[in-house]
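My numbering numbers the first residue of the sequence shown as 1360 and each following residue consecutively.
Where is the CB? At the ideal position from N, CA and C, for every residue including glycine.
Remarks on the structure that follows.
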Amino acid sequence: MQLLSYLTPGFPQTLFEALGAVIGAEVSFDERLSGPAPGINPFKDGTTDLGWICSTSYVELATRGSDPTIRLVGVAWVPDDPDVDGRPVYFGDIVTRQHSAIKTFADLEGRRVGCNDPVSLSGHHALRFAARERGYDADSFAELVFTGAHQRSLELVLSGDLDAAVIDSVVRTRRARVDQRVRDLAIVERLGPWPVQPLVARADMDDSDIESIRRSLLEAAGRPDIRRELTLASLAGLVQVGPDHYRSVGLAMQSAGSL
C-alpha cells in the first residue's frame, strides 16, 4: 500500500512514517504543493492508494465532476491549540513582525503577503476567501508572493522581505515552540477555523479496507510512540470525521468560483 503526503516540511516526515507503519504502508512525500498539481492525479492512475492532502484538493477531487477519484478515510488530527476547542480544525494565521504598521486585515492592502502555494487552504485560499468576504478584489488587494512552504514564508517575514504571511496555525505553533523569533511574531488575525487536512483513499478502494485503516489509526493514537509523534507535530490526537466536516470548504470554494 502506498501513502503519499503533500504536507511536509510543514509537518514532520516522522509523523507520516509512524502512521504509515501502523497500516503497513510505504510512505513517500511530495513537497511541491499541498495537493496534486493540476493535471496530475496519482489516485486516478493507480500509483497512490492513500494521501494526506489539503482539504481544498480533497473537495476538488472528491466532488468535481461525476467520477470522483478519491474518498475520505475519515481520520483527522486535532491540533494542540486552545482555540480549536478539541475539534479537528485549524487556522490561517496572519503574522507580521512586532512593531509592524500592519495591525488589522485591512492593513494588508497593497502589502507583500507570503503564501505557501496556490493549492493551500490555510496559506492561500483562506486569505482570498477573507478578502472577498470583506469586499476586496482577492486578486489585487495585496501582492501575494508564493514562497513554496510555510517555513519559507516565516523566514521571509522575519528577514523583512515580506510584510506579512498567512501560515498554517499548526506549523506556526510547532515552529514557535522551538524558535523565539517566530514566537515573537505578531498574529494579526486567525482566519477560520477550517477543517484540517484529510487522509484520503483512491475512490475504488474497498470499504472494508478503508474501515480497517481508519480503525487501526484511531486505535494507534493512544500508543506512546504515536502520541510522541503527534506531540512533536503540535497535535493532540486523532478523531473520526465524515464528509460533512469539509462542507464549509466546498461552499467557500463554490462562492469564490474555485469549483
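- In the three-state DSSP reduction, P1554 falls in the strand class (E or B).
- Taking G1410 as the centre and dropping the five residues before and after it, the same chain places the C-beta of L1363 and V1559 closer than 6 Å to its C-beta, in chain order.
- For A1579, the uninterrupted alpha helix (DSSP H) run begins and ends at D1566 to A1579, by DSSP.
- In terms of Cβ geometry, V1598 and V1437 form a close pair [threshold 7 Å].
- A Cβ-Cβ separation of about 29 Å leaves S1528 out of contact with D1408 under the 8 Å criterion.
- Within the same chain, G1482, H1483, L1486, L1503, V1504, F1505, T1506, S1512, A1524 and V1525 come within 8 Å of C1474 by CB-CB distance, once the 5 residues on both sides are set aside.
- DSSP, reduced to helix, strand and coil, places I1585 within a helical segment of the structure shown.
- Bridge partners of F1388 according to DSSP: S1364.
- Less than 7 Å separates the beta-carbon of T1455 from that of A1545.
- The criterion of a C-beta distance shorter than 7 Å is satisfied by M1612 and V1418.
- Just so you know, the alpha carbons of F1464 and L1550 end up roughly 10 Å apart.
- Judged by DSSP in its simplified three-state form, R1456 adopts coil rather than helix or strand.
- Secondary structure remark: continuous beta strand (DSSP E) runs of at least 3 residues inside the segment 1474-1511, in chain order: 1502-1505.
- By the neighbour-count criterion, in which 16 or more other beta carbons inside 10 Å mark a residue as buried, L1610 falls on the exposed side.
- Beta-bridge analysis with DSSP links L1597 to W1436.
- According to DSSP, residue pairing for Y1449 in a beta bridge involves W1553.
- In this structure A1501 is not in contact with R1531, their Cβ atoms being roughly 19 Å apart against a cut-off of 8 Å.
- Ranked by how close their Cα comes to the Cα of L1589, the residues L1378, R1446 and R1574 have L1378 in first place.
- In the three-state reduction of the DSSP assignment, D1538 falls in the coil class, being assigned neither a helical nor a strand state.
- Across the set E1385, M1360, R1423 and V1555, the C-alpha of V1555 shows the shortest separation from the C-alpha of G1445.
- Within the segment 1379-1423, the complete beta strand (DSSP E) segments at least 3 residues long are 1385-1388 and 1409-1411, listed from N- to C-terminus.
- In this structure T1422 is not in contact with N1400, their Cβ atoms being roughly 14 Å apart against a cut-off of 8 Å.
- As DSSP reads the structure, D1527 sits in a beta bridge with G1451.
- Short of 6 Å from the beta carbon of Y1449, and not among the five residues preceding or following it, lie these beta carbons of its own chain, in chain order: P1438, S1528, V1529 and V1555.
- L1610: member of the alpha helix (DSSP H) spanning R1606 to S1614, first to last residue.
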